[in-house]
Amino acid sequence: MRKIVICMICLMLFLNVTALAEETRKITVRLDGEVINFGDQQPVIIDGRTLVPVRGPFEKIGLTVYWNESQRSVVATNEGKRIELFIDDAKANVDGRKFDLDVPAKIINGRTMVPLRFIGESCDMLVDWYGHANTIELNNHVNSFQGSNGKYGFKDKNGKVIIEPKYEAVTGFNEGMALVFKANDEKHGYVNKDGKEVIPLIYDNDYISIFDNGVAIIKRYGKYGIINKDGKEVIECKYDYCDACNDYCDLGYEGVFVVELNNKWAYINKEGEQITDFIYNPTIKVDYHLKSYKKASKFCEGLAIVNKGNKYGYINKYGVEIIPCKYDHIGDFRGGIAYVTLNEEEFYIDNQGNRVEV
Numbered sequence: 052m053r054k055i056v057i058c059m060i061c062l063m064l065f066l067n068v069t070a071l072a073e074e075t076r077k078i079t080v081r082l083d084g085e086v087i088n089f090g091d092q093q094p095v096i097i098d099g100r101t102l103v104p105v106r107g108p109f110e111k112i113g114l115t116v117y118w119n120e121s122q123r124s125v126v127a128t129n130e131g132k133r134i135e136l137f138i139d140d141a142k143a144n145v146d147g148r149k150f151d152l153d154v155p156a157k158i159i160n161g162r163t164m165v166p167l168r169f170i171g172e173s174c175d176m177l178v179d180w181y182g183h184a185n186t187i188e189l190n191n192h193v194n195s196f197q198g199s200n201g202k203y204g205f206k207d208k209n210g211k212v213i214i215e216p217k218y219e220a221v222t223g224f225n226e227g228m229a230l231v232f233k234a235n236d237e238k239h240g241y242v243n244k245d246g247k248e249v250i251p252l253i254y255d256n257d258y259i260s261i262f263d264n265g266v267a268i269i270k271r272y273g274k275y276g277i278i279n280k281d282g283k284e285v286i287e288c289k290y291d292y293c294d295a296c297n298d299y300c301d302l303g304y305e306g307v308f309v310v311e312l313n314n315k316w317a318y319i320n321k322e323g324e325q326i327t328d329f330i331y332n333p334t335i336k337v338d339y340h341l342k343s344y345k346k347a348s349k350f351c352e353g354l355a356i357v358n359k360g361n362k363y364g365y366i367n368k369y370g371v372e373i374i375p376c377k378y379d380h381i382g383d384f385r386g387g388i389a390y391v392t393l394n395e396e397e398f399y400i401d402n403q404g405n406r407v408e409v
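Take any residue in the sequence shown, count from 1 to its spot, add 51: that is its number in this note's numbering.
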């Protein structure tokens, strides 16, 4: 009974650590798939609503933003649209109409913060929340449609055709790029919102990837590589496998990739520079429910699991082995701690390899 109680206490402590980490996770905001950089004042959550610095999103949408000192209000305008929000007031004006806010605009650290949902909806954009990735998406209404010829193209929010229906299949836009497919040659490429095939349809259809942080994973003639938005192969298509080492705490590629060549694994950055040698085996890692699975490890909280000689450790994004390969089993870092086993003993370590009690 005493052992059960101790286990339950440990579990509760771990869950509290994890919950705290979740609460402090960075909120990512994307406009048409492109991450908005908020600089030194990140989005905050107040009364369950996400507030963001007003200037960045409005200017990316195409509005001019200025401060009205006499009214203590922020005004965003472009041809045909005028939006005004008042500090500490749950009312706003949108094109002369009154608009109720869930949370008033506030000044935080000298920045005017407004509800993100209001920004999106006042500009006729779709607003979606992806809780698993702590990410909010703002999207213009560019939708695919099927023409009378059975093929697919795109229309804007007013129903105007912006890309004629000429593809067998398409995806939505991400970072201004959409995947398009033609069945006759079983290849895919990418178009922009002007309908230009920025990246030709030359890549294998059995592996597809959307653009994220300016790059996408592609496969050609059975080999994997990375392209940028200009279509340049920043990582040559020569690897047996390639995957993005995105941090589980953020949505995005983090700029580091794991690649396989001749059954060995290494890490490279999105500039194509190899940051480790091909010395690692495919890793077998365990999660906190003790389920084992075999795969190349991705980064979590800045560290990735690596395996040498049937022992496990961690490297950082510069390829430095921060925690040496000496453990029998190992888990991802969550809330600053990771579960490990050594000589059949189970315990937790911090991100410097120090043993910690939980």
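Think of the CB as a built atom: it goes at the ideal place given N, C-alpha and C, for glycine as much as any other residue.
From a predicted model like this one, the values you see are computed outputs, not experimental measurements.
Residue i, DSSP secondary structure in three states
i, result
"Leu167", "helix"
"Gly107", "helix"
"Glu311", "strand"
"Ser260", "coil"
"Ile138", "strand"
"Ile87", "coil"
"Val337", "Residue placement at Val337 is flagged as unreliable, the pLDDT there being 36, under the threshold of 50; the coordinate-derived value follows with that caveat. Three-state DSSP puts Val337 in a strand."
"Ile78", "coil"
"Ala347", "Per-residue confidence for Ala347 stands at a pLDDT of 45, beneath the threshold of 50, marking its modelled position as unreliable; no derived number is given."
"Ile112", "helix"
"Glu120", "coil"
"Glu396", "strand"
"Glu287", "strand"
"Glu130", "coil"
"Lys280", "coil"
"Glu352", "coil"
"Tyr299", "Reliability fails at Tyr299, whose pLDDT of 37 lies under 50, so the model's placement of it is uncertain and no value is given."
Cβ separation of residue i and residue j, assumed to be a contact under 8 angstroms, to the nearest whole Å
i, j, result
"Ile278", "Gly246", "About 19 angstroms; that fails the 8 angstroms criterion."
"Tyr254", "Ile269", "5 angstroms"
"Phe150", "Ala156", "12 angstroms between Cβ atoms; not a contact."
"Lys233", "Glu248", "About 10 angstroms separates the two Cβ atoms, so there is no contact after all."
"Ile134", "Ala127", "4 angstroms"
"Ser201", "Leu189", "Reading off the sequence, residue 201 comes out as Gly, not Ser. Going by Cβ atoms, the distance from Gly201 to Leu189 rounds to 32 angstroms, so no, they are not a contact pair."
"Phe262", "Asn225", "6 angstroms"
"Ile228", "Lys274", "The question names Ile, but residue 228 in the sequence shown is Met. Their Cβ separation, rounded to whole angstroms, is 22 angstroms, which puts Met228 and Lys274 out of contact at 8 angstroms."
"Ile356", "Gly323", "The Cβ separation is near 23 angstroms, so there is no contact."
"Gln93", "Ile78", "7 angstroms"
"Gly204", "Ile250", "At roughly 18 angstroms, the Cβ-Cβ gap does not stay under 8 angstroms, so Gly204 and Ile250 are not in contact."
Counterpart residues of residue i in DSSP-defined beta bridges
i, result
"Gly364", "Val357"
"Asp179", "Glu188"
"Phe150", "Ala143"
"Glu372", "Ile366"
"Ile381", "Val391"
"Thr420", "Examination of residue 420 is not possible in this model, given that the chain is present from 52 through 409 alone."
"Asp401", "Ile388"
"Asp294", "Val309"
"Val125", "Trp118, Leu136"
"Lys157", "Met164"
"Val407", "Tyr399"
"Ile319", "Phe308, Gln325"
The ligand ADP heavy atom lying under 7 angstroms from the CB of residue i
i, result
"Gln403", "Although the ligand ADP was asked about, the structure shown includes no ligands whatsoever."
Test: residue i CB closer than 8 angstroms to a CB of chain C
i, result
"Ile319", "Absent from the structure is chain C; it holds one protein chain and no more."
Tell me whether the segment 153 to 168 and the segment 191 to 210 touch, counting them as touching only if at least three CB pairs, one residue from each stretch, are closer than 8 angstroms. Short answer: they don't touch.
Counting beta carbon pairs with one atom in the segment 114 to 129 and one in the segment 85 to 98, are three or more of them shorter than 8 angstroms? Taking one beta carbon from each stretch, the segment 85 to 98 and the segment 114 to 129 have fewer than 3 pairs nearer than 8 angstroms; the two do not touch.
Contiguous beta strand (DSSP E) assignments of at least 3 residues, all confined to the segment 189 to 276: Inside the segment 189 to 276, DSSP marks whole beta strand (DSSP E) runs of 3 or more residues at positions 194 to 197, 203 to 206, 212 to 218, 220 to 225, 228 to 233, 238 to 243, 250 to 255, 266 to 271, from first to last along the chain.
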